[in-house]
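Here the structure is laid out as structure tokens; the discussion comes afterwards.
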Amino acid sequence: MSEFKIKFRGVRGSYPVVNKDFLEYGGNTSCVEVHVGGHLIILDAGTGMINLGDELMQEYIISGSNNENRTPVKAVVLLSHIHHDHIQGFTFFRPLHIRSTVVDVYGNVNYNESLSDELATLLFGKSFPLDLGDIAGNLNIHDINETDAIILRKGQDPVIKRIETEKDLETDDESVVITSYRSYAHPQEGVLIYKISYKGKTLVYATDKESYSGGDRKLANFAQDCDLIIHDSQYTTEDYMDAYVPKQGYGHSTFDMAIECRKQLNAKRMIFFHYDPSYDDEKLNRIKEEFKNKDVNSVFSHEGLEINLL
């Protein structure tokens, strides 16, 4: 199936907001739904993942008359890191509690830890009624690093392949290839930047990263000429440089930094993402008005925004 569709489910950073002044852009934390090549990929598991799970459950129920003949939910979840705003929705993703569901989760933590152990500690046990091992669905948690690629082929389980040269990334035209690199521009342990490639199109997910003076050369090498980059844009420059509470070192970029990055990458399009939770609709609309002529190839994300790369 030749598709590369992206839908934004949560575009906030730090914590979710439920307030009438946040309806236009949405108050859920980071989650982006990607349908590509017949696969469902979920970028981060913030609270935006909850509504996605509810919709998938509805599709599952109407796909058959009973659990035996319904179409199972299958998904690949890519975690940028395990700060709360990027995993808050995971345990409330309803398909996880159906036996036929298959979810493969990928991410990276400290070298002496495992992603499975960290998620079990943060999300289950004392903070949730179930332990990780009590989940009914088929939950597979994988540790990956920069030398790994995830290969998705129709009708097959995901495969992790070690990458040593560019030739190792060569696949058939129907395969989806996911690669990553670890950026240390976010405390405490860095963040994974993901690239999803399919039929000559590339999507880069670069949330929770702070830009460097002169740009981010590592990101430029990784994402050069991509078709779309989703880029962290948590602060205005004024808030970032605030005299009393500066945000330098917090691990987040400004809207200006995101535009500079898009130009350095020669990315065809860029989406502002991961807004500060104090930025209500009125403030974001003012920022949007300010930036409408700065870069016509950069747009503001909001819950429900859909983009098709094919």
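If you use my numbering, the sequence shown corresponds to residues 13 to 322, in order.
C-beta: ideal position from N, C-alpha, C; glycine also.
| query | Can you pull the DSSP bridge partners for residue 19? | reply | 45 and 318
| Buried versus exposed call for residue 14 [16 or more other C-beta atoms within 10 Å across all chains shown] | exposed
| query | Who are the Cβ neighbours of residue 306 in its own chain at under 7 Å, not counting the five residues just before and after it? | reply | Shown here for residue 306: same chain residues with a beta carbon closer than 7 Å to its own, the five before and five after excluded, namely 271 in chain order.
| field | Cβ separation of residue 314 and residue 37, assumed to be a contact under 8 Å, to the nearest whole Å | value | 4 Å
| request: Output the distance between the C-alpha atoms of residue 106 and residue 165, rounded to the nearest integer angstrom. | output: 25 Å
| request: Over the uninterrupted beta strand (DSSP E) stretch that includes residue 282, give me the two end residues. | output: Unbroken beta strand (DSSP E) run through residue 282: 281 to 285.
| task | For residue 62, collect the residues of the same chain with a Cβ closer than 6 Å to its Cβ; drop the 5 residues on either side in sequence, then sort them by chain order. | result | 101 and 104
| Residues in its own chain within less than 6 Å of residue 217 by CB, not counting five upstream and five downstream? | 55, 206 and 242
| task | Alpha carbon to alpha carbon, how far is residue 108 from residue 68? Give it in angstroms, no decimals. | result | The alpha-carbon atoms of residue 68 and residue 108 are separated by roughly 11 Å.
| task | Classify residue 93 as helix, strand or coil using the three-state DSSP reduction. | result | In the structure shown, residue 93 sits in coil (DSSP, three-state: anything other than H, G, I, E or B).
| said: Three or more C-beta pairs under 8 Å: does that hold for the segment 119 to 131 against the segment 150 to 160? | reply: yes
| message | Do residue 110 and residue 145 have their beta-carbon atoms positioned less than 7 Å apart in this structure? | response | no
| query | How about the segment 42 to 61 and the segment 250 to 269: do they share at least three Cβ pairs that are nearer than 8 Å? | reply | With the cut-off at 8 Å, the segment 42 to 61 and the segment 250 to 269 do not touch.
| task | Could you tell me which of 191, 290 and 114 sits nearest to residue 88, measuring between CA atoms? | result | Residue 114 holds the alpha-carbon nearest to the alpha-carbon of residue 88 among 191, 290 and 114.
| request: Below 8 Å CB to CB, which residues in the same chain sit around residue 131 once its five sequence neighbours on both sides are set aside? | output: 94, 99, 102, 117, 144 and 153
| message | In whole angstroms, give me the CA-to-CA distance for residue 289 and residue 29. | response | About 7 Å.
| query | Run through DSSP, which three-state label would residue 263 get? | reply | Coil.
| task | Quick one: grab the DSSP three-state call for residue 79. | result | Coil at residue 79, not helix or strand.
| said: Quick check: the Cα distance between residue 24 and residue 134, rounded to an integer number of angstroms? | reply: Looking at the two C-alpha atoms, the distance is approximately 20 Å.
| task | Would you mind sorting residue 193 into buried or exposed? The rule is 16 or more other CB atoms within 10 Å of its CB. | result | buried
| request: Please determine if the segment 250 to 258 and the segment 273 to 281 are in contact, where contact requires at least 3 C-beta pairs separated by less than 8 Å. | output: no
| query | What did DSSP end up calling residue 98 once you bin it into helix, strand or coil? | reply | helix
| Of all the options 255, 195, 20 and 283, which has the alpha carbon lying nearest to the alpha carbon of residue 231? | 195
| field | Short Cβ contact (7 Å threshold) for residue 92 with residue 191 | value | no
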